[in-house]
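Below is one structure; the comments refer to it alone.
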Amino acid sequence: MAFRDLIRERFFPHIWCPGCGHGTVLNSLLHVVDKMGLDPTSMCMVSGIGCSARISGYVNFHTMHTMHGRALPCATGIKLAKPQLNMIVPMGDGDAMAIGGNHFIHACRRNIDMTAIVLNNRIYGMTGGQYSPLSGRGVLATTAPYRSIDDDFDAVALAQGAGATFVARTTAFHVKELSKILTKAIQHKGFSVVEVMVQCPTYFGRKNKMGGAVQLLEYYRDNTAPLGSKKLEENQNLIPRGIFVERERPEYCEEYQNVIALAEGKE
Amino acid sequence: MEAVEINVLWCKGCGVCVAFCPKKALSLVGEKAQVDPELCIGCGMCELYCPDLAIVVNKPTKKNEKVTEEGLS
Amino acid sequence: MSATQQDVRFVQGNEACVRGALYAGLRFFAGYPITPSTEIAEHLAENLPKVGGTFVQMEDEIASMCAVCGASLAGSKSMTATSGPGFSLKQEAIGYAAMAEIPCVVVDVQRAGPSTGLATKVAQADVNQARWGTHGEHSIVTLTASTVQDMFAVTVEAFNIAEAYRTPVILLFDEVMGHMRERLVIPPAGELPVTERLRTAVKPGVNYHPYLPREDGRLPMSDYGDIHRYHVTGLYHDIWGFPTEQPEQVNKLVHHLVDKIEGRVHELARWKEFYLEDAENVLISYGSAARSARHLVETRRQKGHRVGLLELQTIWPFPKDLVREKTANAKNVFVVEMNMGQVMAQVKQAVDNPDHVYLVNRVDGTLVTPTDIGNVMRVIEGKGV
Ligand SMILES: Cc1ncc(C[n+]2csc(CCOP(=O)(O)OP(=O)(O)O)c2C)c(N)n1
Ligand code: SF4
Ligand code: SF4
Ligand code: SF4
Ligand SMILES: [Mg+2]
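The structure is reproduced here in structure tokens:
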């Protein structure tokens with residue numbers, strides 16, 4: 003194992019189902035942290051509740067497994083108290099966009115330096131396959147037996163509109179791109195959002211008769227295209243991938259240091 | 026050191042590595058992945074794909090054999 | 158200011174709470190504005206950065222309580238402040254703090270509820286919510302105060318208890334206490350004891366177990382960012398902090414969460430008493446209601462009546478033995494509070510003669526008065542109103 007010090011080996015094999023995309027994101031993240039040479043004691047991971055949220059138990063960082071939807075405000079408290087920590091906040095699509103939606107937009111707005119990863123499997127995995135705000139119209143789920151009539155959020159547009167300074171989307175099929183994007187997101191100073199379209203073969207795949215992990219990954223391969231590509235231009239139905247936003251804006255912890263300087267000068 | 030180490034205790038036999046190996050060097054035998062070192066070009070894709078962190082590729086990639094996801098079928 | 162010079166101010170109760178928190182070493186506050194607690198946030202927005210601490214206004218009370226949990230794990234003494242509607246929202250993360258044993262202080266400046274109720278009017282009806290507001294089994298510490306000076310002092314106590322026992326501590330104030338102005342003497346640093354966080358002495362490279370109690374029952378902490386990397390979860394967990402469903406371990410943790418507080422009822426009991434030695438009629442009260450009770454006791458004593466007051470500063474864990482002891486020789490016990498008898502129910506369970514426990518209350522958004530108390534006492538004593 004290349005990154006022995008980065009994982010808690012005794013908990014492997016992990017609890018995720020065979021072929022679950024969450025595992026590929028964990029894999030990619032570990033490769034990235036290893037390659038970037040980040041000191042594991044500088045790494046903090048905060049997650050919510052869901053299959054995806056179990057990721058924090060497997061990395062040998064400072065880890066906090068919090069409440070459903072509440073990863074970002076918990077992480078905000080840690081980061082404000084210890085700004086030097088490298089903060090990674092993986093969230094499920096329900097976690098980030100439903101119950102945690104309000105926290106999500108405000109974290110984007112504050113531009114606090116952390117990397118939010120939305121593991122979008124378009125379903126509530128942990129609770130057994132109910133539809134999520136990212137499922138989209140027409141999807142079958144245990145709570146949408148006649149197909150969902152809910153339109154989905156575009157997580158990228160939402161993050162962009164709320165003010166995140168790094169916004170990207172990729173999939174668990176595009177593993178090299180995923181590593182590149184995660185590297186850039188971690189390097190970026192400010193609030194980074196990376197949506198990773200991942201497969202839940204157990205509930206999403208089975209319910210929607212889209213097959214297992216391999217077929218779902220092929221779906222992501224065939225139905226997405228890089229930003230600015232000819233493929234995307236020719237077919238508007240494809241989901242765009244890549245880096246949508248990368249810009250500078252004052253970072254929240256640094257701004258608060260200025261507040262402290264002002265306040266201390268006043269006395 | 027094996028060219029491609031597969032941790033059979035962690036492998037869950039999902040078949041993702043098998044499906045996307047550019048050289049079809051991997052196969053499932055009894056629900057566990059297995060590699061044919063003769064076919065393997067050390068591209069490292071399987072190591073990145075595996076959701077169970079069960080693969081480590083030690084073989085250096087052949088210079089002229091760089092692989093990206095886009096070409097995989 | 159020299160060390161000997163006294164720091165005397167004329168301030169609102171809410172500001173006294175802020176001063177107490179800073180005295181105790183508060184370094185992180187997250188909140189969301191709500192009457193009648195808002196002055197706490199406003200004073201901290203101004204004063205926390207002066208000591209290098211952090212104030213943040215979050216998007217709601219859920220987020221505030223979550224941020225407090227995070228900051229505390231990162232090593233800062235942390236607090237939030239709210240009132241009823243916000244207190245309801247904070248319950249989820251208060252339960253998390255109880256489960257993960259995160260030291261923190263939660264101020265609830267009570268107003269009349271349920272729901273938005275009376276946004277600017279007094280009540281004391283969150284007593285049971287402070288104890289039972291979360292789901293699942295755990296215990297909690299709740300303190301009150303009836304003077305601005307006491308608000309300062311119990312706030313310091315709240316931090317000391319939170320740090321010593323790794324628990325959320327609720328400061329249950331009320332609108333009258335939060336907004337009234339009184340003299341506050343801030344003692345020089347070092348005069349009141351301040352409990353610092355117990356940090357682990359485990360060396361780098363040696364396994365640190367975040368949930369393995371020492372011999373004295375305390376759990377030394379390690380800040381996020383320090384050498385030890387460990388896991389915190391709201392799931393039932395083992396000594397490593399990792400999830401477990403093993404019945405023995407779950408059972409052990411439930412008992413630990415309850416016993417660490419219920420087993421220290423005597424140690425945690427704070428109270429004040431006035432003229433109890435020979436009192437035939439004992440009043441029991443807390444918070445702003447205790448001011449009216451005190452007034453009545455003082456005026457009646459001048460007339461020679463044998464009446465006394467037990468003011469409870471610790472409401473949870475409920476000091477049952479103390480209440481039984483202090484009312485042992487009383488003919489009647491009058492519980493004065495601004496709710497439908499939340500503390501009275503506890504008193505009835507504590508005393509030998511529950512039939513002689515009476516409620517004096519007001520639930521109309523105004524302060525219960527000495528006249529209200531006198532009226533009930535006259536009826537019970539058979540003297541008519
Ligand atoms: C307050 C609260 N409401 C509901 C739940 C139940 N719950 C647990 S995980 C989950 C959804 C998980 O879906 P998602 O966030 O997409 O993560 P996934 O499991 O798909 O990775 C729900 C509804 C909960 N734990 N807490
Ligand atoms: S239920 Fe779905 S999301 Fe959860 S572990 Fe299984 S495959 Fe992954
Ligand atoms: S991808 Fe990993 S878990 Fe799946 S079959 Fe291959 S080695 Fe096994
Ligand atoms: S390294 Fe590349 S060629 Fe070799 S087995 Fe893995 S995917 Fe196939
Ligand atoms: Mg999901």
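Chains as they are written, first to last, in the numbering used here: chain A, 3 to 269; chain B, 26 to 98; chain C, 158 to 542.
Ideal Cβ positions, reconstructed from N, Cα and C, are used throughout, including at glycine.
Since the structure is predicted, the reported quantities are computational estimates derived from the model, not experimental observations.
Can you give me the start and stop residues for the beta strand (DSSP E) that residue i sits inside?
{"i": "F167 of chain C", "result": "164-169"}
{"i": "K234 of chain C", "result": "From DSSP, K234 of chain C is part of no beta strand (DSSP E); its letter is neither H nor E."}
{"i": "F206 of chain A", "result": "That residue, F206 of chain A, is in no beta strand (DSSP E); it is neither H nor E in DSSP."}
{"i": "E468 of chain C", "result": "464-469"}
{"i": "Y515 of chain C", "result": "514-518"}
{"i": "P242 of chain A", "result": "241-248"}
{"i": "P404 of chain C", "result": "Not the beta strand (DSSP E): P404 of chain C falls in the alpha helix (DSSP H), residues 404-419."}
{"i": "K429 of chain C", "result": "428-431"}
{"i": "V196 of chain A", "result": "193-199"}
{"i": "F168 of chain A", "result": "168-173"}
{"i": "V29 of chain B", "result": "29-31"}
{"i": "E339 of chain C", "result": "338-343"}
{"i": "I80 of chain B", "result": "80-82"}
Just curious, the alpha helix (DSSP H) that residue i is in, first and last residue?
{"i": "F99 of chain B", "result": "Because chain B spans 26 through 98 in this model, residue 99 of chain B falls outside it and cannot be assessed."}
{"i": "K603 of chain C", "result": "Since the first residue shown for chain C is 158 and the last is 542, residue 603 of chain C is missing from the structure and cannot be characterised."}
{"i": "S445 of chain C", "result": "444-459"}
{"i": "Q132 of chain A", "result": "That residue, Q132 of chain A, is in no alpha helix (DSSP H); it is neither H nor E in DSSP."}
{"i": "P242 of chain C", "result": "241-257"}
{"i": "I546 of chain C", "result": "The structure shown has nothing for residue 546 of chain C, since chain C only spans 158 to 542."}
{"i": "P75 of chain A", "result": "73-83"}
{"i": "R223 of chain A", "result": "215-224"}
{"i": "I90 of chain A", "result": "No alpha helix (DSSP H) holds I90 of chain A; the beta strand (DSSP E) holding it covers 88-94."}
{"i": "R111 of chain A", "result": "103-112"}
{"i": "R288 of chain C", "result": "284-289"}
Taking the DSSP output, what are the residues bridged to residue i?
{"i": "S49 of chain A", "result": "A:H67"}
{"i": "T390 of chain C", "result": "A:H67"}
{"i": "L53 of chain B", "result": "B:A58"}
{"i": "Q214 of chain C", "result": "C:G188"}
{"i": "Q267 of chain C", "result": "C:D331"}
{"i": "W473 of chain C", "result": "C:T299"}
{"i": "P325 of chain C", "result": "C:C261"}
{"i": "F491 of chain C", "result": "C:L440, C:Y515"}
{"i": "Y126 of chain A", "result": "A:Q132"}
{"i": "P228 of chain A", "result": "A:R243"}
{"i": "M287 of chain A", "result": "With chain A covering 3 to 269 only, the question about residue 287 of chain A has no answer from this structure."}
Taking 7 Å as the cut-off, is the CB of residue i close to at least one heavy atom of ligand 7?
{"i": "K232 of chain A", "result": "Among the ligands in the structure shown, ligand 7 does not appear; only ligand 1, ligand 2, ligand 3, ligand 4 and ligand 5 can be found there."}
Cβ pair count under 8 Å reaching 3, the segment 41-50 of chain A against the segment 86-96 of chain A: Yes, they touch.
Three or more C-beta pairs closer than 8 Å, one from the segment 340-359 of chain C and one from the segment 279-288 of chain C: is that the case here? no
Is it the case that the segment 92-112 of chain A contacts the segment 242-250 of chain C, given that we only count it when at least three CB pairs across the two stretches are under 8 Å? no
Any contact of the segment 27-46 of chain A with the segment 185-197 of chain C, i.e. 3+ C-beta pairs under 8 Å? no
What residues come near ligand 2, if near means a beta carbon less than 5 Å from any of its heavy atoms? Residue selection by CB proximity (closer than 5 Å to any heavy atom of ligand 2) returns A:W18, A:C19, A:C22, A:C53, A:G127, A:C202, A:T204 in chain order.
Between the segment 241-252 of chain C and chain A, which residues of the former have a C-beta closer than 9 Å to a C-beta of the latter? E249, A250, G252: these are the residues of the segment 241-252 of chain C whose beta carbon lies less than 9 Å from some beta carbon of chain A, given in chain order.
Segment contact flag, the segment 428-438 of chain C with the segment 263-279 of chain C, C-beta cutoff 8 Å, min 3 pairs: no
Touching or not, the segment 138-153 of chain A and the segment 60-80 of chain A, by the rule of three or more beta carbon pairs under 8 Å? no
Listed from N- to C-terminal order along the chain, which residues in the segment 26-60 of chain B have their beta-carbon within a distance smaller than 7 Å of any beta-carbon of chain A? L34, W35, K37, G38, C39, G40, V41, A44
Note down, in chain order, all residues in the segment 170-194 of chain C with a beta-carbon under 8 Å from any beta-carbon belonging to chain A. R184, F185, A187
Is it a yes or a no for the segment 185-205 of chain A touching the segment 154-164 of chain A, going by three-plus beta-carbon pairs under 8 Å? yes
Members of the segment 56-69 of chain A that neighbour chain C once the beta carbon cut-off is set at 8 Å: S58, G59, N62, F63, H64, T65, M66, H67, T68, M69
Is the segment 129-139 of chain A close to the segment 26-36 of chain B, with three or more CB pairs under 8 Å? no
Can we say the segment 516-525 of chain C touches the segment 489-497 of chain C, given the rule of at least three CB pairs closer than 8 Å? yes
Residues of the segment 208-220 of chain A with Cβ closer than 7 Å to any Cβ of chain B, in chain order: A215, V216, L219
Are the segment 250-259 of chain A and the segment 50-64 of chain B in contact at 8 Å, needing three or more beta carbon pairs? no
Interface positions of the segment 82-95 of chain B facing chain A (Cβ-Cβ less than 7 Å), listed along the chain: Within the segment 82-95 of chain B, the qualifying residues are T93, E94.
Taking three-plus beta-carbon pairs below 8 Å as touching, is the segment 169-188 of chain C in contact with the segment 224-239 of chain C? yes
Any C-beta of chain C within less than 7 Å: which residues of the segment 73-85 of chain A qualify? Residues passing the 7 Å Cβ filter: P75, C76, A77, T78, G79, I80, L82, A83, K84.
The segment 103-137 of chain A: which residues have C-beta closer than 7 Å to a C-beta of chain C, in chain order? Here the close residues are N104, H105, H108.
Determine contact between the segment 38-58 of chain B and the segment 18-38 of chain A, defined as no fewer than three beta-carbon pairs at a distance below 8 Å. The answer is yes - the segment 18-38 of chain A touches the segment 38-58 of chain B, with three or more Cβ pairs under 8 Å.
Going along the segment 27-48 of chain A in order, which residues come within less than 9 Å of chain C, judged by CB to CB distance? P42, T43, S44, M45, C46, V48
Under 8 Å, CB to CB, which of the residues in the segment 254-269 of chain A have a partner in chain C? For the segment 254-269 of chain A, which is checked against every Cβ of chain C, the residues closer than 8 Å are Y258, V261, I262, L264, A265, E266, K268, E269.
Are at least three pairs of beta-carbons, each pair with one atom in the segment 436-451 of chain C and one in the segment 468-479 of chain C, less than 8 Å apart? yes
Output needed in chain order: residues of the segment 216-232 of chain C with a Cβ under 9 Å from some Cβ in chain A. E216, D217, I219, A220, S221, M222, C223, A224, V225, C226, G227, A228, S229, L230, A231, G232
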